[in-house]
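According to this note's numbering, the residues represented by the sequence shown are 2 to 408, in order. Where a beta carbon is used, it is the ideal one built from N, C-alpha and C, also for glycine.
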Amino acid sequence: MDSARTHTSPPDDARFTAPTGRALATEAVHAGRDDLAAQGLHAPPIDLSTTYPSYDSRGEAARIDAFAATGAEPDGPPVYGRLGNPTVARFETALARLEGTEAAVAFASGMAALSAVLLVRGSMGLRHVVAVRPLYGCSDHLLTAGLLGSEVTWTDPAGVADALRPDTGLVLVESPANPTLAEVDLRAVAHACGSVPLLVDNTFATPVLQRPAEHGARLVLHSATKYLGGHGDVLAGVVACDEEFAGRLRQVRFATGGVLHPLAGYLLLRGLSTLPVRVRAASANAADLAGRLAADPRVARVHYPRIGGAMVSFEVHGDPHAVIGGVRLITPAVSLGSVDTLIQHPASISHRIVDADDRRGAGVGDRLLRLSVGLEDVDDLWADLDRALGERAAGAVSPREALSRAD
């Protein structure tokens with residue numbers, strides 16, 4: 002929904018099941034770890050090797066040749082850290098299971114992952130991209146500036162089919178979108194794409210709330226820095242996709258060097274194990290705060306998606322910078338998806354790089370604030386927001402009364 006005028010409960014992720022038939026919460030704990038017990042291990046090992054000894058140079062050459070031909074993960078022992086790493090591979094296996102895809106390929110950041118996708122399509126002569134705003138500001142800039150030789154046509158979801166050209170290599174959407182939380186009918190957009198791959202940035206929703214591959218997306222992008230890691234201590238990106246596309250992504254990763262460090266892969270695998278619990282708890286807090294904000298006369302508009310989730314955006318009547326400067330419990334910082342609550346002013350930071358007219362045209366106004374809700378007690382969070390929002394208007398209701406009106 003665009004404006005949270007009714008109190009919304011977060012979706013129940015129990016309805017999602019993995020291809021194995023196990024519930025998502027079970028897969029989150031066990032995927033990528035299935036072989037550990039047989040090895041007498043409980044925690045996954047961290048393999049920090051950059052290179053691997055081999056006395057079979059002919060066999061090693063054959064594995065390298067096979068990788069060069071298809072990008073398939075080499076059989077047998079690892080060869081070199083830029084070609085692949087066992088710890089990172091565990092995270093990739095787990096994320097693919099959660100998203101319901103054949104494979105996943107991890108990168109050093111979300112932008113490295115998106116860049117690899119563009120390079121794959123560009124290498125095939127398919128440099129044109131159809132995209133729907135808003136997107137994360139750096140994704141927008143990467144496309145608009147043509148830094149990788151791409152050309153972009155911006156459209157709304159209904160205009161995707163008409164925007165396609167013979168050289169269109171990709172359709173890109175983000176749903177819920179950063180930072181307005183606008184939602185896209187993924188199945189309808191996938192249908193409009195025809196044979197052109199649809200890439201969905203699923204960073205905000207995570208596979209707990211949405212699995213784009215089930216709606217026709219060929220590629221699912223995550224800034225794994227956010228909810229997949231979940232603790233603000235790892236930078237990473239990942240693309241979940243079919244094995245054919247994964248092979249091409251691995252080849253680009255090998256050639257360009259945008260590899261994920263093994264320790265980051267370990268932290269991400271650990272983060273996945275609590276992903277459903279964290280998303281469910283943070284979403285409950287976010288829905289609560291969305292209701293309170295929607296009933297507050299100091300707030301002009303609230304954006305909270307129908308799918309739920311832990312992100313809330315809201316526009317204030319007063320000075321948004323004063324709100325940023327007034328929080329004490331909530332952290333004023335970029336990024337999102339951590340266990341603690343973060344707030345930022347998109348027009349100043351995450352979307353500053355986007356042309357001002359384009360930014361406002363996509364709904365990213367100068368009074369918009371983006372809140373990434375964490376796991377703190379919701380009453381403590383509201384008390385901090387209430388104080389930061391400043392003087393209450395005459396006749397304003399109390400936070401408790403505002404919540405009851407939003408129910």
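L200 and A178 closer than 8 angstroms at C-beta: no
Proximity of V30 and S274 at Cβ, strictly below 8 angstroms: yes
V131: first and last residue of the uninterrupted beta strand (DSSP E) it sits in: H129 to V133
Three or more C-beta pairs below 8 angstroms linking the segment 307-319 and the segment 365-377: yes
Contact belief for L165 with P198 at Cβ below 8 angstroms, rounded distance in angstroms: Wrong, their Cβ atoms sit about 12 angstroms apart, outside the cutoff.
R249: CB within 7 angstroms of a non-hydrogen atom of the ligand SAH: Here there are no bound small molecules, and the ligand SAH is not part of this structure.
Cβ neighbour criterion (16 or more within 10 Å) applied to G1: As displayed, the chain neither begins before 2 nor continues past 408, which places residue 1 out of reach and without an answer.
Host beta strand (DSSP E) of R302 (start-end): V300 to H304
Validate contact between the segment 124-134 and the segment 259-273 using beta carbons, cut 8 angstroms, 3 pairs: no
P333 - DSSP class collapsed to helix/strand/coil: strand
Cα-Cα separation, E245 to T71: 8 angstroms
Separation of A348 from D380, as counted between CA atoms: 28 angstroms
Inter-residue Cα distance where the pair is I47 and P75: 19 angstroms
For G309, the nearest candidate out of V80, A291 and D320 (CA to CA): A291
L386 versus H318 - alpha carbon distance: 14 angstroms
Per DSSP, cross-strand counterpart(s) of I344: P333 and L372
Option nearest G230 by Cα separation, candidates L120, L276 and R360: L276
Beta-carbon separation (whole angstroms), L236 vs A193, contact threshold 8 angstroms: Between A193 and L236 the Cβ distance is about 33 angstroms, and since that is not below 8 angstroms, they are no contact.
S50 vs P180 beta-carbon contact at 8 angstroms: no
Nearest residue (CA-CA) to W155, options T342, H129 and V239: H129
Cβ-Cβ distance between T94 and G33 below 8 angstroms: yes
Inter-residue spacing [alpha-carbon to alpha-carbon] between N147 and V153: Rather than Asn, the amino acid found at residue 147 in this sequence is Gly. Distance between the alpha carbons of G147 and V153 is about 8 angstroms.
For L390, three-class secondary structure by DSSP: coil
Proximity of A247 and A104 at Cβ, strictly below 8 angstroms: yes
Identified DSSP bridge partners for L173: A132 and L200
CA-to-CA distance, D202 to E175, given in whole angstroms: 5 angstroms
CB contact flag (V240, V106, <8 angstroms): yes
Beta-carbon proximity list for R64, same chain, < 8 angstroms, skipping 5 on both sides: P75, D76, G77 and V80
Start-end ranges of the alpha helix (DSSP H) lying completely within the segment 43-115, minimum 4 residues: 58-71 and 87-100
Alpha-carbon spacing of H232 relative to L250, whole angstroms: 27 angstroms
Rounded straight-line distance, which links the Cα of A287 to that of C242: 30 angstroms
Option in V253, L136, G138 and L343 with minimal Cα separation from L84: V253
Best match in H346, D168 and H216 for proximity to L187 [C-alpha to C-alpha]: H216
Range of the contiguous alpha helix (DSSP H) that encloses S274: P263 to S274
Rounded straight-line distance, which links the Cα of V209 to that of D157: 26 angstroms
Alpha helix (DSSP H) segment containing L143, residue limits: G138 to T145
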